[in-house]
Amino acid sequence: MNFDLNEEQKMLQKMVREFTEKEVAHLDEKMDKSGEFPYELMKKLADNGFYGIPYAEKYGGAGGDELSGALTLMELAKGSMSVAFTLATHWVPANALNNFGTEEQKQKYLVPMLTGEKLGAFALTEPGAGSDSAGIVSTGTADEDVWVLNGNKVFITNGGVSDIYVICVKTDKTKGAKGISAFIVEKGTPGFSIGKKEDKMGCRGSSTTELIMKDCRVPKENMIGNEGEGFKIAMSILEKGRMAFGALGIGISEACLSVAKKYANERQAFGKPIASFQAIQFIIANMAMEIELSKALLQKVASMYEKGEKCGTEAAMLKVFTSEMAMKAAKDAIQVLGGYGYTRDYPPERYLRDAKFLEIAEGANEVLRFVIGSTILRG
Amino acid sequence: MEILVCIKQVPDPTVEVRIDPKTKNLVREGIVGVINPYDKNALEEAIRIKESQGGKVTVISMGPPQVKESLREALAMGADEAILLSDREFGGADTLATSYVLAQAIKKLGKVDIILFGKNAVDADTGQVGPIVAEKLGLPQITFASKISVDGNILLVDRHLEEATETIKVTLPAVITACKELNEPRYPNPLKIMKAARKEITVWGKTDIQVDAAKLGLKGSPTCVLEIFSPSKSTQVKILNGSPEEASQALFTVLREDKVI
């Protein structure tokens with residue numbers, strides 16, 4: 001058992017931390033206020049090799065391990081949840097291609113995604129199917145050498161700003177989850193368009209939109225895996241996304257701790273810094289304890305993925321715990337800053353709005369508690 | 380083009396360095412070593428020259444084993460090779476003894492076209508090592524470079540001076556020291572990080588280079604630091620009374636006397 005980061009993880013963490021402090025953090029407030037996608041900044045991430053960190057060198061990645069990917073997201077999230085979340089989302093379709101794609105699909109789509117030329121999005125959720133994702137109704141119908149896709153997807157992160165979309169539709173309405181297949185759809189494909197952009201409460205620098213497919217014809221070779229394997233693929237990559245969410249939750253909690261700590265040491269009340277009062281010390285202690293515990297679990301989950309072990313339950317635990325920790329950390333940071341914390345001049349209220357998202361997406365916490373509980377009760 | 384960059388690991392300048400009032404030494408506890416910022420400019424320029432002209436960038440440093448971390452960072456930015464000069468007998472060296480070891484190591488490397496340094500290290504602030512190495516190797520030196528253009532084996536270098544910019548033409552080989560106006564150093568690249576982290580760094584001790592033991596480390600250092608202390612901070616408050624006009628006039632006089640304006 002060794003909790004030390006290895007040399008490459010330490011070097012990568014240092015680089016991402018420096019990059020985040022200099023290039024990312026100061027832009028987060030602006031992104032939050034304008035709700036605009038940071039194209040230029042994402043280009044900078046791409047140019048600096050961020051898009052392919054935890055992927056094999058032969059597909060244009062950096063050859064980093066699972067923990068390297070998680071550390072990257074954690075450090076980025078300290079400066080901007082929106083940016084970290086955009087990258088984490090990019091890695092979802094990348095995982096679909098990496099784990100289930102053919103060699104041709106990898107060369108054509110995964111390589112440009114990892115080298116930073118193209119951004120990706122993954123689409124499963126529909127107006128009538130979120131947690132109940134097997135209940136999607138958009139369709140794919142075979143027509144000679146193409147599949148014709150029809151239907152709407154909602155709440156699609158990186159929608160409208162991506163070049164490559166991995167979209168799940170029903171190719172056999174009679175089969176439920178086993179009737180779902182996954183397709184690669186390129187931006188600009190006739191019949192494929194971007195619908196409403198969501199005006200979100202937080203993560204406002206990330207783009208979340210509706211996708212519309214109207215007789216959208218995609219070549220047969222764009223199906224990932226076999227017909228009917230879409231749900232299996234989706235569940236597998238979303239499960240891994242929970243580790244990414246854990247990293248985001250830890251990152252934003254650390255940002256909360258950092259703001260609260262700085263303010264507590266500077267703010268004077270009753271003739272001394274408020275950091276000298278036990279009430280504040282306890283808040284800081286609780287934040288720090290939970291962050292430390294979460295990091296240990298993140299390392300464990302990353303290590304299990306690295307070894308190819310099944311860790312759906314552990315990843316779900318990490319996601320639920322860290323998302324709730326992040327909410328609490330943001331709420332507590334606001335409390336430490338008092339009246340100032342309730343204003344938009346200080347970042348904790350933004351952190352709170354950003355953190356709320358972590359409890360909802362990538363498997364709502366209620367669904368994941370159900371997964372964890374039922375697994376434990378069965379075992 | 381064979382390019383050599385000499386770097387120094389310094390205490391992180393973004394963290395306030397304390398001096399132990401008793402031992403008069405830097406309190407190194409908890410302070411991370413980083414590449415001297417101007418050395419990063421030197422390294423960035425070396426990599427850019429390599430990218431446009433072809434060739435190889437070697438990075439070299441003298442110091443204890445933990446300097447390997449900085450050398451690995453240099454590799455992750457784009458240097459091809461890294462050499463650490465490390466030996467107990469190199470310890471305690473002043474600028475003269477440091478320059479001696481560097482010059483001897485550079486002689487061992489053989490053909491070098493450009494040798495780059497940062498204009499000075501931000502810890503001791505002497506700015507002497509680059510120029511001394513140039514003298515020891517008998518090479519021309521151009522300090523405070525803010526722009527370098529390559530034309531075959533000739534360099535056009537802008538020197539960033541206080542009141543002016545001086546442009547100098549030099550035939551290679553030459554020694555150049557970089558200032559921050561030269562460029563914006565890149566971040567280490569993730570793929571290169573993975574490779575650099577796994578790479579073995581070459582270490583040369585005193586037996587690996589031709590050196591005269593009397594010129595090494597403390598023995599070879601004529602400089603003797605007698606005392607080092609933090610400047611005492613004193614603030615005085617002066618209240619200027621009178622009407623706004625009188626107070627402004629008084630403030631103007633004070634600022635004039637203190638040579639602020």
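Going down the list, the sequences are from chains A and B. If you use the working numbering, the first sequence closes out at 379, no skipped numbers anywhere. If you use the working numbering, the second sequence closes out at 640, no skipped numbers anywhere. Just so you know, even glycine gets a beta-carbon here, dropped at the ideal spot from N, CA and C.
1. So for Ala123(A), helix, strand or coil by DSSP?
2. Apply the 10 Å Cβ neighbour rule to Gln388(B) and answer buried if 16 or more other Cβ atoms are within range, or exposed otherwise.
3. Assuming Gln432(B) is part of the alpha helix (DSSP H), what are its boundary residues?
4. May I have the straight-line CA-CA distance separating Gly151(A) from Phe183(A), to the nearest angstrom?
5. Give, in chain order, every residue of the segment 554 to 585 of chain B whose Cβ lies closer than 9 angstroms to some Cβ of chain D.
6. Residues in its own chain within less than 8 angstroms of Val411(B) by CB, not counting five upstream and five downstream?
7. Less than 7 angstroms between the CB of Val413(B) and some heavy atom of the ligand MG, yes or no?
8. 8 angstroms is my cut-off, CB to CB: does Glu75(A) come that close to chain B?
9. Can you tell me which residues form a DSSP beta bridge with Gln388(B)?
10. Span of the beta strand (DSSP E) holding Gly497(B)?
11. Look at the alpha carbon of Pro127(A) and the alpha carbon of Ile237(A), and state the distance between them as a whole number of angstroms.
12. Can you tell me the Cα-Cα spacing of Glu21(A) and Ser133(A), whole angstroms?
13. How would you call Ser82(A), buried or exposed, if buried means at least 16 neighbouring beta carbons within 10 angstroms?
14. Are the CB atoms of Ala513(B) and Val480(B) within a distance shorter than 8 angstroms?
15. Three or more beta-carbon pairs under 8 angstroms between the segment 295 to 313 of chain A and the segment 366 to 379 of chain A, yes or no?
16. Looking at Gly160(A): is its Cβ nearer than 8 angstroms to the Cβ of Ser207(A)?
17. For Leu257(A), I'd like the list of residues in its chain whose CB is within less than 8 angstroms of its CB, leaving aside the five on either flank, ordered along the chain.
18. Within 10 angstroms of the Cβ of His26(A), are there 16 or more other Cβ atoms? Answer buried if so, exposed if not.
19. Would Phe3(A) and Asn48(A) be called neighbours here (beta carbons separated by less than 8 angstroms)?
20. For Ser80(A) versus Val24(A), is the C-beta distance shorter than 8 angstroms?
21. From the DSSP output, in three-state form, read off Gly563(B) for me.
22. Where does the unbroken alpha helix (DSSP H) through Val161(A) begin, and where does it stop?
23. Using alpha carbons as the reference points, say which of Gly195(A), Phe155(A), Leu298(A) lies closest to Arg204(A).
24. Does the segment 243 to 256 of chain A come within contact of the segment 60 to 78 of chain A, defined as at least 3 CB pairs closer than 8 angstroms?
25. Is there a Cβ from chain B that is less than 8 angstroms from the Cβ of Asn286(A)?
26. Comparing alpha-carbon positions, which option in Val406(B), Ala524(B), Tyr566(B) lies nearest Val549(B)?
27. Once you ignore the five residues that flank Gly433(B) on each side, which residues in its own chain have a CB closer than 6 angstroms to its CB?
In this structure, then:
1. Taking the first residue of the first sequence as position 1, residue 123(A) is located at position 123. Residue state, collapsed to three classes: strand.
2. To locate residue 388(B), count along the second sequence from 1; it is residue 9. By the 16-neighbour rule on beta-carbons within 10 angstroms, Gln388(B) is buried.
3. The sequence position of residue 432(B) within the second sequence is 53, counting from 1. Boundaries of the alpha helix (DSSP H) around Gln432(B): 416 to 432.
4. The residue you call residue 151(A) lines up with position 151 of the first sequence. The residue you call residue 183(A) lines up with position 183 of the first sequence. Gly151(A) and Phe183(A): Cα-Cα distance of roughly 13 angstroms.
5. Note that chain D does not occur in the displayed structure, where the protein chains are A and B.
6. Position 32 of the second sequence, counted from the start, is the residue given in the question as residue 411(B). Once the five neighbours on either side are set aside, the close Cβ partners of Val411(B) are Pro390, Asp391, Val394.
7. Ligands displayed in this structure: none; no statement on the ligand MG is therefore possible.
8. For the purposes of this step, residue 75(A) is taken as the residue at position 75 of the first sequence. Chain B contact via Cβ: absent.
9. What you label residue 388(B) is simply residue 9 of the second sequence in a count that begins at 1. Ile414(B).
10. In the second sequence, residue 497(B) corresponds to position 118, counting from 1. Gly497(B) -> beta strand (DSSP E) spans 493 to 497.
11. For this step, residue 127(A) is matched to residue 127 along the first sequence. For this step, residue 237(A) is matched to residue 237 along the first sequence. Answer to the nearest angstrom: the Cα atoms are 21 angstroms apart.
12. Counted from its first residue, the first sequence places residue 21(A) at position 21. Counted from its first residue, the first sequence places residue 133(A) at position 133. Rounded to whole angstroms, Glu21(A) to Ser133(A) spans 38 angstroms at the Cα level.
13. As a first step, residue 82(A) is located in the first sequence; it is residue number 82 there, counting from the start. With 16 or more other Cβ atoms inside 10 Å of its own Cβ, Ser82(A) counts as buried.
14. Here residue 480(B) is taken as the residue at index 101 of the second sequence, counted from 1. Here residue 513(B) is taken as the residue at index 134 of the second sequence, counted from 1. Contact: no.
15. Taking a cut-off of 8 angstroms on C-beta distances, the segment 295 to 313 of chain A touches the segment 366 to 379 of chain A, as three or more cross pairs fall below it.
16. Taking the first sequence and counting its residues from 1, one reaches residue 160(A) at position 160. Taking the first sequence and counting its residues from 1, one reaches residue 207(A) at position 207. Against a cut-off of 8 angstroms, the Cβ pair of Ser207(A) and Gly160(A) comes out as a contact.
17. As a first step, residue 257(A) is located in the first sequence; it is residue number 257 there, counting from the start. Closer than 8 angstroms at the Cβ level, and outside the excluded window around Leu257(A), lie Ile284, Met287, Ala288, Ile291, Ala329, Ala333.
18. In the first sequence, counting from the first residue as 1, residue 26(A) sits at position 26. Exposed, because fewer than 16 other Cβ atoms sit within 10 Å of the Cβ of His26(A).
19. For the purposes of this step, residue 3(A) is taken as residue 3 along the first sequence, with counting starting at 1. For the purposes of this step, residue 48(A) is taken as residue 48 along the first sequence, with counting starting at 1. Asn48(A) is positioned such that its CB atom lies no closer than 8 angstroms to that of Phe3(A).
20. For the purposes of this step, residue 80(A) is taken as residue 80 along the first sequence, with counting starting at 1. For the purposes of this step, residue 24(A) is taken as residue 24 along the first sequence, with counting starting at 1. Yes, the pair counts as a contact, with Cβ atoms nearer than the cut-off.
21. As a first step, residue 563(B) must be located in the second sequence, where it is residue number 184. It should be noted that the sequence gives Glu, not Gly, for residue 563(B). It is coil, neither helix nor strand.
22. In the first sequence, the residue the question calls residue 161(A) occupies position 161. No alpha helix (DSSP H) holds Val161(A); DSSP gives it neither H nor E.
23. Numbered from 1 along the first sequence, position 204 holds the residue referred to as residue 204(A). The option with the nearest alpha carbon to Arg204(A) is Phe155(A).
24. Touching, yes, given that three or more Cβ pairs across the two stretches are closer than 8 angstroms.
25. Taking the first residue of the first sequence as 1, we reach residue 286(A) at position 286. For Asn286(A), the closest Cβ of chain B is not nearer than 8 angstroms.
26. Walking along the second sequence from the start, residue 549(B) turns up at place 170. When only C-alpha atoms are compared, the closest one is Ala524(B).
27. In the second sequence, the residue the question calls residue 433(B) occupies position 54. None.
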